[in-house]
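Peer 1:
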Amino acid sequence: MTFSFDLKATDGKARTGLISTPRGEIRTPAFMPVGTAATVKAMLPESVAETGADILLGNTYHLMLRPTAERIDRLGGLHKFMNWERPILTDSGGFQVMSLADLRKLTERGVTFKSHIDGSKHEITPERSMEIQRLLGSDIVMCFDECPALPADRDRIAESMRLSMRWAQRSRDAFGDRPGHALFGIQQGGLEEDFRAESAEALRAIGFDGYAVGGLAVGEGQAAMFGCLDFAADQLPEDKPRYLMGVGKPDDIVGAVARGIDMMDCVLPSRSGRTGQVFTRRGVVNIKNARHADDPRPLDEDCRCLACRSYSRAYLHHVFRSQEIISSMLLTWHNLTYYQDLMQQMRKAIAAGRFDAWQTAFHTSRAQGDLAPL
Ligand SMILES: [Zn+2]
Numbered sequence: 054m055t056f057s058f059d060l061k062a063t064d065g066k067a068r069t070g071l072i073s074t075p076r077g078e079i080r081t082p083a084f085m086p087v088g089t090a091a092t093v094k095a096m097l098p099e100s101v102a103e104t105g106a107d108i109l110l111g112n113t114y115h116l117m118l119r120p121t122a123e124r125i126d127r128l129g130g131l132h133k134f135m136n137w138e139r140p141i142l143t144d145s146g147g148f149q150v151m152s153l154a155d156l157r158k159l160t161e162r163g164v165t166f167k168s169h170i171d172g173s174k175h176e177i178t179p180e181r182s183m184e185i186q187r188l189l190g191s192d193i194v195m196c197f198d199e200c201p202a203l204p205a206d207r208d209r210i211a212e213s214m215r216l217s218m219r220w221a222q223r224s225r226d227a228f229g230d231r232p233g234h235a236l237f238g239i240q241q242g243g244l245e246e247d248f249r250a251e252s253a254e255a256l257r258a259i260g261f262d263g264y265a266v267g268g269l270a271v272g273e274g275q276a277a278m279f280g281c282l283d284f285a286a287d288q289l290p291e292d293k294p295r296y297l298m299g300v301g302k303p304d305d306i307v308g309a310v311a312r313g314i315d316m317m318d319c320v321l322p323s324r325s326g327r328t329g330q331v332f333t334r335r336g337v338v339n340i341k342n343a344r345h346a347d348d349p350r351p352l353d354e355d356c357r358c359l360a361c362r363s364y365s366r367a368y369l370h371h372v373f374r375s376q377e378i379i380s381s382m383l384l385t386w387h388n389l390t391y392y393q394d395l396m397q398q399m400r401k402a403i404a405a406g407r408f409d410a411w412q413t414a415f416h417t418s419r420a421q422g423d424l425a426p427l
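The working numbering puts the sequence shown at residues 54 to 427.
Listed below in structure tokens is the structure:
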């Protein structure tokens, strides 16, 4: 069985479809929870599946340092290691080397750096990134790229983008022919329309199974990100999945889908679950606020998750304040369920040709704010 993408319906620029892999199907638009260290923090894999996730994201940088890709390979690969048999996408390691590692040195060949964990020295090249992602057993492999922090001047953005395109060719060559596994190229070029077009053309000439929009959600703000997506998504092939990396808040996700994006990932729903920030149909709720201490109502009456079905706001407030482990578990479960329900609602609305009306209702509901205190 091979990797394929079936675009089922479009509504404006929004798309819904199905990615097929030997490990299962991925309904798009898809949100990928992040399993940084071979776990989605505070969640059992079975629970992550129950929220509706079809695919997880794993981080090459973290896994290569600890427990190492070689060890995971010896133990049967990442799926078996973490007990998640469905598809996994791994990033290339590039972004986190730039954001986490010490003493980085960037050359044409690749990046050398020191581990943020123990100071040990490592190198990632396009060839090494392909090897690590193969050892992990990733279903969707990302090209090794470089992403400059924004704002940056045009010369720096162009130079970086062209380096990433040379690395994209080296990634393609090193990936080889692996039936059932996909390799995605990553478009760069900052917020510049001409560089984004040049990057898309370079990737298209190499040929990939899917295309990511890289280098956004790095501090440019939502308006600038949407402004860039207005042209960047259109520059990518229509018949392949389009993945926006590292996004985002619920309204970022809706806006990205409206601009033709099929896949996204973000630590936000799981990380926020651990800090007491909860996403609901009526906007963000901070469970630590004293107003919840006597409130017997669920977080969100319409939510199907375990936290909303079985626990009150008062209980969730109490376990958060008491720093009980169950607090992270329940709030993460809720947030991941909220994100997956959002994706499901969008898939249905796009298929039915009523995505505009759905978007209006989404924004109206959030603008109401949380329920009035009792
Ligand atoms: Zn819930």
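Here a beta-carbon is modelled for each residue, glycine too, at the ideal position from N, C-alpha and C.
Just to confirm before moving on: does the CB-CB distance between Ile72 and Ala83 stay below 9 Å?
Peer 2: A contact, by the Cβ cut-off of 9 Å.
Peer 1: Take every Cβ of the region 386-400, pair it with every Cβ of the region 318-336, and state whether three or more of those distances are shorter than 8 Å.
Peer 2: Yes: at least three Cβ pairs fall under 8 Å.
Peer 1: Where does Ala205 fall in DSSP's three states?
Peer 2: Ala205: coil per DSSP, three-state reduction.
Peer 1: In chain order, what residues place their C-beta within less than 6 Å of a heavy atom belonging to ligand 1?
Peer 2: The filter returns Leu352, Asp353, Cys356, Cys358, Ala360, Cys361, His387 and Thr390, in chain order.
Peer 1: I'd like to check one pair, Ala205 with Gly243: are the Cβ atoms closer than 9 Å?
Peer 2: Cβ atoms of Gly243 and Ala205: closer than 9 Å.
Peer 1: Within this structure, are the beta carbons of Ala367 and Asp348 separated by less than 9 Å?
Peer 2: The answer is yes: Cβ separation under 9 Å.
Peer 1: Enumerated in chain order, which unbroken segments of the alpha helix (DSSP H) with a length of 4 residues or greater are wholly contained in the region 119-152?
Peer 2: Qualifying alpha helix (DSSP H) stretches, in chain order: 122-127 and 131-135.
Peer 1: If I measure Cβ to Cβ from Trp137 and keep anything under 7 Å in the same chain, skipping five residues before and after, which residues do I get?
Peer 2: The answer, listed in chain order, is Pro98 and Leu109.
Peer 1: At the level of alpha carbons, what is the spacing between Gly129 and Gly65?
Peer 2: Those two C-alpha atoms are separated by around 44 Å.
Peer 1: Quick one, which of Arg119, Ser173, Met382 and Ser252 has its alpha-carbon nearest Gly326's?
Peer 2: Minimum Cα distance to Gly326 is reached at Met382.
Peer 1: Cβ atoms of Val320 and Thr160: under 9 Å apart, would you say?
Peer 2: No, Cβ-Cβ distance for Thr160 and Val320 is not below 9 Å.
Peer 1: Work out the CA separation of Asp423 and Glu291 for me, nearest whole Å.
Peer 2: Near 39 Å, if we compare the C-alpha coordinates of Asp423 and Glu291.
Peer 1: What number of angstroms, rounded off, separates the C-alpha of Phe279 from the C-alpha of Thr92?
Peer 2: Computed Cα separation, rounded: 31 Å.
Peer 1: Skipping 5 residues on each side, what residues in its chain have a beta carbon closer than 7 Å to that of Ser152?
Peer 2: Cβ within range, chain order: n/a, list empty.
Peer 1: Taking the beta strand (DSSP E) that Ser464 belongs to, which residues open and close that run?
Peer 2: Nothing about residue 464 can be reported from this structure: the residues present for the chain run from 54 to 427 only.
Peer 1: Does the contact criterion of 3 or more C-beta pairs under 8 Å hold for the region 290-307 versus the region 255-264?
Peer 2: Segments in contact, yes.
Peer 1: Check the C-beta distance from Ala285 over to Arg257 and give it rounded, since I have them as a contact under 8 Å.
Peer 2: So it is not a contact: roughly 13 Å between Cβ atoms.
Peer 1: Using three-state DSSP, classify Thr55 as helix, strand or coil.
Peer 2: Residue state, collapsed to three classes: coil.
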